[in-house]
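Q:
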Amino acid sequence: MYHIILAKKIISFESGLHKKVSPKDIGKFYKIKYLLNSPEIIRGIYSEQIIDSTAILKAGFSKKDIEK
Numbered sequence: 000m001y002h003i004i005l006a007k008k009i010i011s012f013e014s015g016l017h018k019k020v021s022p023k024d025i026g027k028f029y030k031i032k033y034l035l036n037s038p039e040i041i042r043g044i045y046s047e048q049i050i051d052s053t054a055i056l057k058a059g060f061s062k063k064d065i066e067k
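Sequential numbering from 0 applies to the sequence shown in numbering that gives the first Met the number 0.
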């Protein structure tokens, strides 16, 4: 999954089994929850997909990331 944290690109491999994440969700961009002192611990908010390509690009992702 791709995430944006404080305008930085983060790629996580969180298990979404408990959130009912399906293969169709892979490669999409979502809002996340994290601890300020441990930003590497990420919980995706899969009900809040980010589709604004400008925001995604400003966060450090490439057009190629968006096209995947």
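All residues carry an ideal CB built from backbone N, CA and C; glycine is no exception.
Helix, strand or coil: which one does DSSP assign to Lys57?
A: Sequence index remark: in the sequence shown, residue 57 carries index 58 (1-based). Lys57: helix per DSSP, three-state reduction.
Q: Using C-beta distances below 7 angstroms, list every residue in its chain close to Ile40, excluding the 5 sequence neighbours before and after it, in chain order.
A: The count along the sequence shown starts at 1 and reaches residue 40 at position 41. The answer, listed in chain order, is Tyr33 and Leu34.
Q: Check for me: the beta strand (DSSP E) holding Ile65 runs from which residue to which?
A: What you label residue 65 is simply residue 66 of the sequence shown in a count that begins at 1. Segment Lys62 to Glu66 is the alpha helix (DSSP H) holding Ile65; no beta strand (DSSP E) there.
Q: Please classify Lys23: does DSSP put it in a helix, a strand, or coil?
A: For this step, residue 23 is matched to residue 24 along the sequence shown. Three-state result, Lys23: helix.
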